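Structure first, commentary second.
Protein chains: 2
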Amino acid sequence: MPDQRITLKDIAQRVGVSTGTVDRVVHKRGHVSAEIRDRIEHAMKEMGYAPNLAARSLANNNKPFRIAIILPDYRQDPYWAQPKEGLERAAESVRHYNVQTEFFSFSMFQPRDFLESVDKALESGPGAVLAAPLFLEEAKILLKGCQLQNIPLVFINTDIEGADILSYIGQDSYQSGVLAGRLLNFGLSDGDHAMLVNLDKEVSNARHLQDKERGFKDYFNGIDKKSIQIHTAVLENFDQPDFMREWAKKQFEQIPRLNGFFVTNSRAYKLVEALDAAVQDRVKIVGFDLIEPNLKLLAQGKIRFLINQNAWHQGYLGILTLVNKMLMSKEIPRTQYLPLDIIVKENVEYYLKRTLELPMVIV
Amino acid sequence: MPDQRITLKDIAQRVGVSTGTVDRVVHKRGHVSAEIRDRIEHAMKEMGYAPNLAARSLANNNKPFRIAIILPDYRQDPYWAQPKEGLERAAESVRHYNVQTEFFSFSMFQPRDFLESVDKALESGPGAVLAAPLFLEEAKILLKGCQLQNIPLVFINTDIEGADILSYIGQDSYQSGVLAGRLLNFGLSDGDHAMLVNLDKEVSNARHLQDKERGFKDYFNGIDKKSIQIHTAVLENFDQPDFMREWAKKQFEQIPRLNGFFVTNSRAYKLVEALDAAVQDRVKIVGFDLIEPNLKLLAQGKIRFLINQNAWHQGYLGILTLVNKMLMSKEIPRTQYLPLDIIVKENVEYYLKRTLELPMVIV
DNA sequence: CAATATGCCGTGTGCGCACACGGATAAATT
DNA sequence: AATTTATCCGTGTGCGCACACGGCATATTG
Chain A
1 MPDQRITLKD
11 IAQRVGVSTG
21 TVDRVVHKRG
31 HVSAEIRDRI
41 EHAMKEMGYA
51 PNLAARSLAN
61 NNKPFRIAII
71 LPDYRQDPYW
81 AQPKEGLERA
91 AESVRHYNVQ
101 TEFFSFSMFQ
111 PRDFLESVDK
121 ALESGPGAVL
131 AAPLFLEEAK
141 ILLKGCQLQN
151 IPLVFINTDI
161 EGADILSYIG
171 QDSYQSGVLA
181 GRLLNFGLSD
191 GDHAMLVNLD
201 KEVSNARHLQ
211 DKERGFKDYF
221 NGIDKKSIQI
231 HTAVLENFDQ
241 PDFMREWAKK
251 QFEQIPRLNG
261 FFVTNSRAYK
271 LVEALDAAVQ
281 DRVKIVGFDL
291 IEPNLKLLAQ
301 GKIRFLINQN
311 AWHQGYLGIL
321 TLVNKMLMSK
331 EIPRTQYLPL
341 DIIVKENVEY
351 YLKRTLELPM
361 VIV
Chain B
1001 MPDQRITLKD
1011 IAQRVGVSTG
1021 TVDRVVHKRG
1031 HVSAEIRDRI
1041 EHAMKEMGYA
1051 PNLAARSLAN
1061 NNKPFRIAII
1071 LPDYRQDPYW
1081 AQPKEGLERA
1091 AESVRHYNVQ
1101 TEFFSFSMFQ
1111 PRDFLESVDK
1121 ALESGPGAVL
1131 AAPLFLEEAK
1141 ILLKGCQLQN
1151 IPLVFINTDI
1161 EGADILSYIG
1171 QDSYQSGVLA
1181 GRLLNFGLSD
1191 GDHAMLVNLD
1201 KEVSNARHLQ
1211 DKERGFKDYF
1221 NGIDKKSIQI
1231 HTAVLENFDQ
1241 PDFMREWAKK
1251 QFEQIPRLNG
1261 FFVTNSRAYK
1271 LVEALDAAVQ
1281 DRVKIVGFDL
1291 IEPNLKLLAQ
1301 GKIRFLINQN
1311 AWHQGYLGIL
1321 TLVNKMLMSK
1331 EIPRTQYLPL
1341 DIIVKENVEY
1351 YLKRTLELPM
1361 VIV
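Residue numbers (the numbering used here), protein chains in the order written: chain A, 1 to 363; chain B, 1001 to 1363.
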């Protein structure tokens, strides 16, 4: 632990030059003779120089670092409120580095709206872009735009394979499916049946869904201790209670030992609502996301496990990633998967608090 | 989102005084007339002034903030390596605020050694103290010392009820016991038996153990769906494989339907080693901590769940708490419980990586 | 009334860094 | 030899804040 922090001045004195010259070397701005450059670089290593970020940010304070954020409208789907919150929280915690954020929201059902946001965002001349690229073709235009302007781009939630971006931050859908299988299996008995239920109208998450399904089935194929039979259901009419109840009733008639459900998104509560009280207590349900209706059912024991995708963290890490890269010149991994938190009634409160309290910023 | 950051100068101009006067109000250093003080405070609220931490830390950079850390020697118990790591990591991330840390380790079996560390720590004239107060009486001396020197004190791992400290950071032992009960119960059937196993020689964790046991039993008393019978075992000879095997054999003879174990500390692997191969696959074991031997058995399915106490975070949060209080003048809650992470084979890697990658500091 | 004390407030300096600007030297050109 | 050009390097200023210092009033005292 170095007692005294090494400053530009220190190594300038050591080498016998001015701080300006050292600064030129630090920023590789040229106009320094090879010999002196070598001596400075050598001295920096030897003395263990590390720039004082506080001072750096102060000195840079005239030019803000602006991040354009392209996100679906959270009023269309409450899911997007979570990344948004994380983004806002992160923005708040790096305000002191003069980081500014600007939101460009779009309708998650209209690719053209996305494009419009892309245009607006790029025209605003940002220092970096963070986006949820729901539409593949349109996202490629964003990609090109960022390359042209030579600014870093971060994707959250949805990745585009092979895209030349700074980083992708999201869930590991496949692994979350595997995890769901694991949790369900733990509570099921030999000979039981389980069902994967997809309650969704759109296919915007098609890829995530596929991966989850694959992971879920792979898990059950991989075990040999018990025999659990897996079924699959896709229901677009999850908003019609009557339809749902009817559907559920039929399932149990056809599959008496149907004892487990895996709801692949945050709508597990919709499934519970469709079940009779007695059934609610018997079947094991695994779902996603700590949203209010799910939490209530978790507390009642009617949802056994919730897997927390940590959507909040997507936004948070997104900002931190950009700040780490651009202001702290850190190396960033191409892919950053978020932890898959397992939530039950007994530990849920810590996860709810964590997003509120945990203080953090930059290293 | 305020486009332009508000500075001291801004509000000085607005009120019509100098920055020095505003600064005096900010730091409550007096020598300001009541009227001007009010006007300044009003303007600060109205304009939403927030100090620029970078500038503040720069201006304070001559006087480091030194934190004395009193911790058990991690060579005696690998557990303590985790908080230590968290402490070091946190120290690293706040280095730029000129925060320095100094470790004073002690033997976890010798109260007098602890006292010696306390003396050394207090004599070094720290700006704050962080300690793991394993010994009640001796800890009281530390308490008095800090009160005398008027410096904040943070406890980790072990709390002392009613002690006047800044904050306690640790696990919620009771709740972790409840959680263990929940997890075990999920995999057990009506009529099964479960056993709480305490593999420990010392009673230094007596309190934590009691709480865990209470939580565990409370859980099973609270359910009415199944009937699970609970047993308890305290084994000090966990280091003798022959003894352990013999003991285990006897248990299964006496309790044929013994299908679940809750190991109250990180030594779940010791229990697994004492079981026959067939039994290893059958019984459900819930333990604590992501240590190497446990992880291996988790991957093999021989430990079903590990509850992660996040000992790493104790250290990390400890430093952040002190920095938040002293440098950012934030309010700090008296008790900070750490999340109870549920770890299975399928999500373990995220938790191992998380401690390595997650970048953070201060808000 | 002068001398001193007291309350209030502005000014100046430095923290470490970034960067524009200009000065110095040597090399190349006229 | 005088001038230009290129190369290399030092200096100065400001970022927002903390704080010592000193100045200017007004109040207090001899």
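Every residue, glycine too, gets a C-beta built ideally from N, C-alpha and C. Computed from a predicted structure; not experimentally measured.
Practice problem: Compute the Euclidean distance between the alpha carbons of B:Asp1010 and A:Asp23, then round it to the nearest angstrom. | Solution: 31 Å
Self-check item: Span separating the alpha-carbon of A:Leu358 from that of B:Arg1056
Solution: Bear in mind that a pLDDT of 47 at A:Leu358, under 50, signals an unreliable position, so the model cannot answer this.
Quiz item: Cα separation between A:Ser173 and A:Phe109?
Solution: 22 Å
Quiz item: Got a sec, what are the start and stop residues for the beta strand (DSSP E) A:Thr232 sits in?
Solution: Gln229 to Leu235
Practice problem: Can you say whether B:Ile1223 is buried or exposed, counting buried as having 16 or more other CB atoms within 10 angstroms of its CB? | Solution: exposed
Self-check item: Residues bridged to A:Ile36 [DSSP beta-bridge criterion]
Solution: A:Ile36 pairs with nothing; no bridge assigned.
Quiz item: Roughly how many angstroms lie between the CA atoms of B:Val1363 and A:Ile141, to the nearest whole one?
Solution: Residue confidence for B:Val1363 is low, a pLDDT of 34 falling below 50, so the modelled location carries little weight; the figure read from the coordinates is stated next. Rounded to the nearest angstrom, the two C-alpha atoms are 35 Å apart.
Quiz item: Comparing alpha-carbon positions, which option in A:His208, A:Ile156 and A:Lys212 lies nearest A:Gly181?
Solution: A:Lys212
Practice problem: Give the range of the beta strand (DSSP E) segment to which B:Asp1218 is assigned. | Solution: Per DSSP, B:Asp1218 belongs to no beta strand (DSSP E); it is in the alpha helix (DSSP H), Ala1206 to Gly1222.
Practice problem: Closer than 7 Å, Cβ to Cβ, to anything on chain B: give me those residues from the region 167-198 of chain A, in chain order. | Solution: Gln175, Val178, Leu179, Arg182, Phe186 and Gly187
Quiz prompt | Pick from A:Leu179, A:Leu166, A:Ser105 and A:Asn221 that is closest to A:Ile319, judged by C-alpha positions | solution = A:Leu166
Self-check item: Inter-stretch contact (C-beta, 8 Å, three-pair minimum) for the region 1248-1255 of chain B and the region 1042-1049 of chain B
Solution: The count of Cβ pairs closer than 8 Å, one atom from the region 1248-1255 of chain B and one from the region 1042-1049 of chain B, stays below three, leaving the stretches out of contact.
Quiz item: Taking the C-alpha atoms as reference points, what is the distance between A:Lys330 and A:Asn324?
Solution: When rounded, the distance between both Cα atoms is 5 Å.
Quiz prompt | Helix, strand or coil at B:Ala1128 [DSSP, three-state] | solution = strand
Practice problem: State the Cα-Cα distance for the pair B:Ile1230 and B:Lys1217, rounded to the nearest angstrom. | Solution: 8 Å
Practice problem: Return the Cβ separation of A:Gly127 and A:Ile67 in integer angstroms, given the expectation that the two are a contact with Cβ distance under 8 Å. | Solution: 7 Å
Self-check item: Closer than 7 Å to chain A by CB, B:Glu1346
Solution: yes
Quiz prompt | 4-residue-minimum alpha helix (DSSP H) runs that sit fully inside the region 1032-1110 of chain B, ordered along the chain | solution = 1034-1047, 1053-1059 and 1081-1093
Quiz item: How about A:Lys284 and A:Gly260: do their beta carbons lie closer than 7 Å?
Solution: yes
Quiz item: Using a C-beta to C-beta distance shorter than 8 Å, which residues of chain B count as neighbours of A:Asn62?
Solution: Result: empty, since nearest Cβ-Cβ is about 11 Å, beyond 8 Å.
Self-check item: Closer than 7 Å at the beta carbon, the chain A residues around B:Asn1052
Solution: By Cβ distance, chain A contributes His96.
Quiz item: Which runs of the beta strand (DSSP E) spanning at least 3 residues fall entirely within the region 238-317 of chain A, listed in chain order?
Solution: 258-263, 284-288 and 305-308
Practice problem: Quick one: list the residues of chain A neighbouring B:Ala1055, beta-carbon separation under 8 Å, in chain order. | Solution: Ala54 and Leu58
Exercise. Give a single yes or no on whether A:Cys146 has its beta carbon closer than 6 Å to a heavy atom of the ligand NAD.
Key: The model depicted lacks the ligand NAD and carries no ligand whatsoever.
Exercise. Report back the beta-carbon spacing between A:Tyr269 and A:Pro241 to the nearest angstrom; my notes put them in contact at under 8 Å.
Key: In fact, because the Cβ distance is near 12 Å, the residues do not count as touching under 8 Å.
Practice problem: Answer yes or no: does any C-beta atom of chain A fall closer than 7 Å to that of B:Pro1359? | Solution: Note that B:Pro1359 has pLDDT 46, beneath the 50 cutoff, so the model's placement of it is unreliable and the number below is only indicative. Put simply, the CB of B:Pro1359 is near chain A, with a gap under 7 Å to one of its CB atoms.
Quiz item: To which residues of the same chain is A:Leu136 closer than 8 Å at the C-beta, ignoring the five residues directly before and after it?
Solution: Setting aside the 5 residues that flank it on each side, A:Leu136 is surrounded in the same chain by Ile160, each with a C-beta closer than 8 Å to its C-beta; the list follows chain order.
Quiz item: Using a Cβ-Cβ distance under 7 Å, would A:Tyr269 count as near chain B?
Solution: Not one chain B Cβ lies under 7 Å of A:Tyr269.
Quiz item: So, is the C-beta of B:Leu1356 closer than 7 Å to a C-beta in chain A?
Solution: Caution is warranted here: a pLDDT of 47 is assigned to B:Leu1356, below 50, making its placement in the model unreliable, and the coordinate value is therefore given only provisionally. No, B:Leu1356 does not count as interfacial toward chain A.
Quiz prompt | Pairwise C-alpha distance: A:His96 and A:Tyr49 | solution = 23 Å
Self-check item: Whole-Å CB distance - A:Gly191 paired with A:Arg257, under 8 Å assumed
Solution: That pair is a contact at about 6 Å.
Self-check item: Option in A:Ser93, A:Leu87 and A:Pro333 with minimal Cα separation from A:Val129
Solution: Comparing Cα positions, the closest option is A:Leu87.
Quiz item: For A:Arg304, which residues in chain B fall below 9 Å Cβ to Cβ?
Solution: Phe1186
Quiz item: In terms of residue numbering, what span does the beta strand (DSSP E) encompassing B:Ala1343 cover?
Solution: Sequence check: residue 1343 of chain B is Ile here, not Ala. Element bounds for B:Ile1343: Asp1341 to Ile1343.
Exercise. Could you tell me whether the Cβ of B:Ile1342 comes closer than 7 Å to any Cβ of chain A?
Key: yes
Exercise. Examine chain A for any beta-carbon lying closer than 7 Å to the beta-carbon of B:Pro1256, and answer yes or no.
Key: no
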